[in-house]
Each structure stands twice: as C-alpha cells, then as structure tokens.
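Written below as structure tokens is the structure these notes are about.
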Amino acid sequence: MCGENSMRRINIALDGHSSCGKSTIAKRLASQLGYTYVDTGAMYRGVTLWSLREGLWSDGQPCEEAISQRVAQEVTLAFEAKADGQHLLLNGEDVEREIRGMEVSNHVSPISTIASVRKYLVAIQQSWVSAGGVVMDGRDIGTVVMPHAELKFFVTATPEVRAARRVAELRNRGDEVSYEEVLQNVEARDRIDSTRAIDPLRRADDAILLDNSALSLEEQQQLVWEVAMRVIRGNSSGELSVEIDEGSGFCFGVIHAISKAEAELKLQRPLYSLGDIVHNSEEVARLSREGLHAVGYDQLPSLKGERVLFRAHGEAPKIYEEARKQGIEVIDATCPVVLTLQKRIRTKYLEGLEEGQQIVIFGKRGHAEVNGLVGQTDGTAIVVQSVEEARELIDPSRAVALFSQTTMDQNQFEALHTALREWVHEGVKVEWYDTICRQVSNRVPEITQFAKEKDWVYFIAGAHSSNGKVLYQTALRANLNTHFITSPDEITTPLPSWVHTVGICGATSTPRWQMEAVKQKIEEQASTSQPHDK
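Structure, rendered in structure tokens:
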C-alpha cells in the first residue's frame, strides 16, 4: 500500500445517480487505501428483495406499514468478501446476484423512500464509521449518513451514458434487457431519488463533482485516488503556497487587439469596439473606463465618420462593406491567425462553388469568430459542435472541406475528422484543415501538468469565453479540485485545512492582473480566516 496505512484514516462519501459507477469507484478506492467499503445501495436492494419475497407489495406499491413493523426484526444485513468482490448477505444468504437484477432495480426506489427503512439502515451505516477508514457510497451519504466525512464526491453521468453502461453490465451477466427499458428505469429512479420527501438525493455543499460521462474507469479512478491522497496527507506545515501559471493569460491575438486599443485611446479621440474586445467582463470594464465603448452591429449606421475597432475575432466581409458605406474609420485588430483562416475559407469556398463542396466549421455557433468565418462563405458554411450534429447537417454524398474555430479542442476536432471520413459515401472527398491556433492547443498539455501538481486550482475566465470552457475542462480532467470563477469576489470561503498548494490559471482572454488579484484574495483570506477542517 506504499505506506498509506501509516497515514491518518479518513471517511470518504460517494453520492450520485443510479448506474453512474460510484460503487465500482468506491470499491477500488477502498481496496487501494486498505479501507472498509460499505455499499449502502446494496443494503436497500437487500431490503427490497426481502419485501418482494415476503409479498409486501400491492398494486405496484410497497406496503409501508407492514414493512415498517417488520424490517428491523426480520432483516439482518452483512457483507462478505468473495473472490469476485464483496457480496451482500440477507439473513445469512448470499443474494449478490439476485439484488442486481431488473426486478429489484425496478422496485428499490420506492423502498428507499420509507422512513423506517431509512432510519434502520442509516443507524447501521453510522455505527461503522466512528473509527474512520470507511469508503461508503449511496444517495445521502455526504448529507445524512456521514455529513462530517473528510472527503465527499458526487458522481454523475448523463442518463444515456448510465443506461448504456447498465445494459452492458446486465448482458455480461446473461440477463436479456433492452436499452429503452433500462433508460426508462434510470430516469424514473432519478425522479424518485431527487424528489422524495425524506433525504432526497442532492450534492453536499462540500462534495467534489465527478461527471464521468466521458471518462474511462481508469481515468476517474486515478482522479479520485489523487484527491484522496492529498486529503489524507494533509498540510502538516500549515503553510500555503499560491502559484500563478506562467503560461496562462492573453494569447498573441488578444495582446495585439488590446495594444491597438490602448494606442488609439492615447489619441484622445472617441473609440468604439464592435462588440466586447475580449470575453472577459472585468477587462472590458477596465478599457471602458479608459474610453473604449462597446457597440452592437445595429449601431454602425449611427457611427458615421467615427473610429471603430474590429476585435481579434474578426468580421465578415459584409461588415467591412457596411463600415465603408458609413465612412467609418476601421481600426482592424483581427488576430493574424484568424485573418489567415478567413482567407483560406474564402478561397476554398470560391474554388468549390461549382462542385457544390460543403464548407464545415467546427466551432461554437454564434461565437464572434465563427460568425466572421461563416461570413467568408456568404452565410453558407455549416457550423457543427459534435459528430452527432455533423451527421444531422452534412450531406454525405457531397465533398466536405473541414475547418475549425481557432480555440477549439484539438482531440475533438481530430475525432470529428475521423468520423466524417468514415461516414461520408465511398469516393466522397473530405479535406481537413487543422486551423486550431498552436498557442492555444499547446496550453492543453501545459495546463494539465500545472493542475496535476496542485492540491487546489482556481481557473479564472470570462463566462462567455469559448477557450476558457475548453481549458477549464482540461484542468478539471487533471484535478477534480479545479474551480471555475469569473472574479476574485467569488472566492468566499476559506480553503480546507489539508490544502498546501494552490494553482491559479486562466484562458487566453484572462488578463494577468486578474490572476494576481485572485492570488492576493487567497493570501489575504488565509491570513485572516480559520481554514475548514475538510
């Protein structure tokens, strides 16, 4: 165990939706740590199986009064380690296989809403945690059973992903089930668990969210293990180290645009920006105080003869034409990388008109840069954000030229290209142009490494920053204790006492001064506040 057993023993709670894999994560984590694993879901399934065997159901509903009178006297539950894992014993009988079947799955949620059942099982569960070293999963572990657990997770995934995983599990056991039946069961259990009057499923305020929809079992297990080890080791020195990621902050395109704006503002003449110069409200506010005023496209006719800055995202040809008609002096701050991409799309569009080639742009629909790119095709380009969207919108019998918004995820772009080549009709040409900005894509491995090295990470970016969303997800995949903020003012609670190292990073639209303000807020808070125990 690499010395883990000599460290302090904590209690770990995992709550979450049905079929999200939390039991698998909990079992593995307990095994890695040498802790006791308690599957509370299996306990409710055991009571459900007992009630079905005893005929304590009527018209599809449990007979609550009879169950309440008998459960504590007639039901004894225990766990036993077997070669293939932990098995539930119901009154001494191994019922592990039976409690995992669809009949029990379809009846367990109503049983879990019965107050007497919950009281009986919660009392058993709480009796096991006083010595520490317990990993327990269920629906209300972090909120009811172990509210003072040193570490809490809330595990989830989309209903569709959970249903697919459950189908695979049941079919591997030899059970014949349909995806539709299992999805219906998953969604019904979500409704019941989240709306029940007694101890409904909810995320504890201090629980770490683990959405494993797109994570492999190995990836999520590694993330959970790393957080657990950080908490167990704690911060014996009591010192706090706060570091700003040197690679985070404005990219060249944003620096180019803001430098142009600041230079023009020195001329002491009115200056307008067509839309926010950068997707960061605090930087926009700073420049507004300097005299840069953001305007919308509908305001161009009222700006005859004025100076208007076209931001780094770039604009469509028709916007340049409108500005020319109004006699507007354009201060063009389009990012050189975006400008090159616009020209490539325009050229490809004109070349492919006769053969009916489809220009496809992988990007965020409505994003300023994407609007400018679509404008190069006179509005005909197809914008997609996923493989599923591409299959809905693209004609597989016509040639495709695939481009990307400069700030999109590289791996997703490559996956889209691969999927399109496999999906179009045989002989149909798919041309792929890797147009993601290298300064942006290189941030992915850099920010991954930075986040992995820290106990706690604050990622600061504008709420509407496309690049911010991509890089935040990157950091989160490296460290589950990554927290998205748009302002230092959003840091309102002291850090847990086990935190020793804090990292601050941001998007290509995040100014350095904003990250410095976050660092100052953390250090001031640490000097005046008592840290949380958890």
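Mapping of the sequence shown onto the working numbering: residues 531 to 1064, in sequence order. Backbone N, C-alpha and C fix where the C-beta goes; we use that ideal spot for every residue, glycine too.
Using only the alpha-carbon positions, how far apart do residue i and residue j sit?
| i | j | result |
| --- | --- | --- |
| isoleucine 671 | threonine 566 | 15 Å |
| glutamine 1050 | isoleucine 977 | 21 Å |
| histidine 955 | serine 927 | 6 Å |
| valine 825 | serine 561 | 59 Å |
| cysteine 781 | isoleucine 1052 | 25 Å |
| proline 800 | isoleucine 542 | 59 Å |
| glutamine 1055 | alanine 993 | 24 Å |
| glutamate 623 | alanine 611 | 13 Å |
| leucine 700 | valine 917 | 28 Å |
| alanine 572 | arginine 630 | 8 Å |
| methionine 1045 | glycine 777 | 12 Å |
| lysine 682 | arginine 726 | 22 Å |
| lysine 848 | aspartate 828 | 13 Å |
| tryptophan 962 | methionine 938 | 15 Å |
| cysteine 967 | glutamate 851 | 27 Å |
| glutamine 887 | glutamine 714 | 42 Å |
| serine 635 | isoleucine 728 | 20 Å |
| asparagine 810 | valine 904 | 24 Å |
| aspartate 1019 | alanine 1047 | 9 Å |
| alanine 633 | asparagine 621 | The identity of residue 633 in the sequence shown is glutamate, whereas the question assumes alanine. Approximately 20 Å, taken between the alpha carbons. |
| tyrosine 1002 | valine 987 | 10 Å |
| aspartate 545 | threonine 570 | 10 Å |
| threonine 578 | glutamate 584 | 10 Å |
With a CB to CB cut of under 8 Å and the five nearest residues on each side skipped, what residues in its chain are close to residue i?
| i | result |
| --- | --- |
| aspartate 723 | His547, Ser548, Ser639, Ser642, Arg669, Pro730 and Leu731 |
| glutamate 534 | Its pLDDT being 46, under 50, glutamate 534 is placed unreliably by the model, and the measurement read from it follows with that caveat. Same-chain partners within the cutoff: Gln562, Leu563, Gly564, Met759 and Ile762. |
| arginine 841 | Ala787, Ser803, Leu804, Gly805, Asp806, Ile807, Val808, Ala863, Thr864 and Ala898 |
| threonine 554 | Leu747 |
| glutamate 983 | Thr1031 and Gly1033 |
| isoleucine 785 | none |
Count the other CB atoms within 10 Å of the CB of residue i; is the residue buried (16 or more) or exposed (fewer)?
| i | result |
| --- | --- |
| leucine 651 | buried |
| arginine 719 | buried |
| glutamate 483 | This structure does not reach residue 483, given that the chain is present from 531 up to 1064, and the question cannot be answered. |
| lysine 796 | exposed |
| glutamate 626 | buried |
| isoleucine 861 | buried |
| threonine 1022 | exposed |
| methionine 531 | At methionine 531, the pLDDT of 40 sits below 50, so the modelled position is not reliable and the matter cannot be decided from this model. |
| glycine 857 | exposed |
| leucine 883 | exposed |
| proline 689 | buried |
| methionine 676 | buried |
| glycine 576 | buried |
| histidine 947 | buried |
| leucine 739 | exposed |
| glutamine 798 | exposed |
| glycine 893 | buried |
| serine 657 | exposed |
Strictly by DSSP, which residues pair up with residue i?
| i | result |
| --- | --- |
| methionine 666 | Ala543 and Val568 |
| aspartate 862 | Phe840 |
| phenylalanine 684 | Asp545 and Leu739 |
| threonine 1012 | Val987 |
| alanine 824 | Ser803 |
| alanine 611 | Gln616 |
| glutamate 690 | None; glutamate 690 has no bridge partner. |
| aspartate 624 | Leu619 |
| isoleucine 774 | Ile1034 |
| glutamine 931 | Checking the displayed sequence, the identity of residue 931 turns out to be alanine instead of glutamine. Paired residue(s): Ile889 and Glu961. |
| isoleucine 555 | According to DSSP, isoleucine 555 bridges with nothing at all. |
| isoleucine 912 | Val890 |
| glutamine 591 | Ser588 |
Between which residues of its own chain and residue i is the CB-CB distance below 7 Å, once the five residues before and five after are set aside?
| i | result |
| --- | --- |
| serine 581 | Trp587, Pro592, Ile597 and Ile641 |
| aspartate 876 | It should be pointed out that residue 876 corresponds to arginine in this sequence rather than to aspartate. So the list reads Gln906, once near-sequence residues are dropped. |
| tryptophan 755 | Leu559 and Gln562 |
| histidine 843 | Val868, Ala898, Glu899 and Gly902 |
| glycine 615 | Lys557 |
| leucine 822 | Ala791, Leu795, Leu801, Ser803 and Ile807 |
| threonine 936 | Val867, Val868, Leu871, Glu899, Thr965, Ile966, Cys967 and Val970 |
| valine 697 | Val707, Tyr709 and Val712 |
| valine 960 | Val930, Leu932, Leu950, Arg951 and Val954 |
Answer yes or no: does any C-beta atom of chain D fall closer than 9 Å to that of residue i?
| i | result |
| --- | --- |
| methionine 573 | No chain D appears in the structure shown, which is made up of a single protein chain. |
Please work out which residues of its chain come closer than 6 Å, Cβ to Cβ, to residue i, disregarding the five sequence neighbours upstream and downstream, and give them in chain order.
| i | result |
| --- | --- |
| alanine 516 | Any answer about residue 516 is impossible in this case: the structure gives the chain only from 531 up to 1064. |
| arginine 692 | Ser549, Cys550 and Val716 |
Inspect the CB distances between the stretch 650-665 and the stretch 737-746 and report whether three or more fall short of 8 Å.
The way I'd put it, the stretch 650-665 doesn't touch the stretch 737-746; fewer than three beta-carbon pairs between them come closer than 8 Å.
Okay, do the stretch 1026-1034 and the stretch 766-782 touch, 3+ Cβ pairs below 8 Å being the bar?
The stretch 1026-1034 is in contact with the stretch 766-782.
Check whether the stretch 995-1002 and the stretch 1032-1040 touch, using three or more Cβ-Cβ pairs below 8 Å as the test.
Two segments are said to touch when three or more pairs of C-beta atoms, one from each, lie closer than 8 Å; by this definition the stretch 995-1002 touches the stretch 1032-1040.
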